[in-house]
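Number 96 in the numbering used here belongs to position 97 of the sequence shown; there are no gaps in the numbering. Everything below concerns the one structure shown next.
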Amino acid sequence: MTGQYEGLRSGQLAEAAGVNPQTLRYYERRGLLAEPERTLGGHRLYPAEAVTVLRVIKTAQRLGFSLDEVADLLETTSHRHGDRDAGLAERARAKLIEVEQRITDLELVRATLREAVDAGCDDLIACARQPRCPLPFTDLTPADAKKP
Numbered sequence: 000m001t002g003q004y005e006g007l008r009s010g011q012l013a014e015a016a017g018v019n020p021q022t023l024r025y026y027e028r029r030g031l032l033a034e035p036e037r038t039l040g041g042h043r044l045y046p047a048e049a050v051t052v053l054r055v056i057k058t059a060q061r062l063g064f065s066l067d068e069v070a071d072l073l074e075t076t077s078h079r080h081g082d083r084d085a086g087l088a089e090r091a092r093a094k095l096i097e098v099e100q101r102i103t104d105l106e107l108v109r110a111t112l113r114e115a116v117d118a119g120c121d122d123l124i125a126c127a128r129q130p131r132c133p134l135p136f137t138d139l140t141p142a143d144a145k146k147p
């Protein structure tokens with residue numbers, strides 16, 4: 000232990016990073032956040048850089064990275080000892096392609112929903128029976144039909 004009372008307690012860290020204390024423990028269990036030192040009384044004491052780590056995790060999540068992907072990014076970065084991680088650029092490009100595909104899919108969903116509203120679809124069963132129904136009931140494949 001570097002100093003008996005150095006560091007941030009769980010509540011302080013959670014507040015500084017904008018997360019709740021349960022998130023800290025969850026991230027510890029997932030290996031995203033290093034297990035902190037403890038006081039003689041057993042209280043967790045996190046280093047100040049834990050705030051940055053938490054902000055990086057939350058930002059990466061907002062950018063669409065899963066926690067597994069974030070863990071991989073953090074693992075790669077920690078082994079590079081400050082060197083630039085070329086893998087981040089590759090992962091960001093791949094995530095951008097994924098996001099752009101989701102946007103395309105959502106634009107199609109939006110257009111279809113607008114058509115359904117404009118067509119006056121109030122009842123799914125009744126609408127499905129009408130030839131003017133814009134909803135893609137006939138486009139479903141058996142694999143699509145099983146998705147929740």
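Ideal placement from N, C-alpha and C gives every residue a C-beta, glycine not left out. Note that the structure is a prediction, hence the values are computed from the model and not measured.
Query, Result
"Under the DSSP definition of a beta bridge, which residues are partnered with leucine 44?", "Glu36"
"Quick one: what does DSSP say leucine 7 is sitting in, helix, strand or coil?", "strand"
"Buried or exposed, going by whether 16 or more other CB atoms sit within 10 Å of the CB of proline 35?", "buried"
"Let me make sure I understand the geometry here. Which of Val108, Arg128, Glu14 and Gly63 has the alpha-carbon closest to that of glutamate 97?", "Gly63"
"Should alanine 93 be labelled buried (16 or more other beta-carbon atoms within 10 Å of its own) or exposed?", "exposed"
"Can you list, in chain order, the residues of its chain with a C-beta nearer than 7 Å to that of glutamate 27? Leave out the 5 residues immediately preceding and following it.", "Glu34"
"Looking only at its own chain, which residues have a Cβ that is under 8 Å from the Cβ of cysteine 126, when we skip the five neighbours before and after it?", "Ala115, Ala118, Cys120, Cys132 and Leu134"
"Classify isoleucine 102: buried if its beta carbon has 16 or more other beta carbons within 10 angstroms, exposed otherwise.", "exposed"
"Could you check whether serine 9 and aspartate 61 sit closer than 8 Å to each other, using their CB atoms as the reference points?", "For the record, residue 61 in the displayed sequence is arginine; it is not aspartate. It is not a contact, given that the beta carbons lie outside the stated cut-off."
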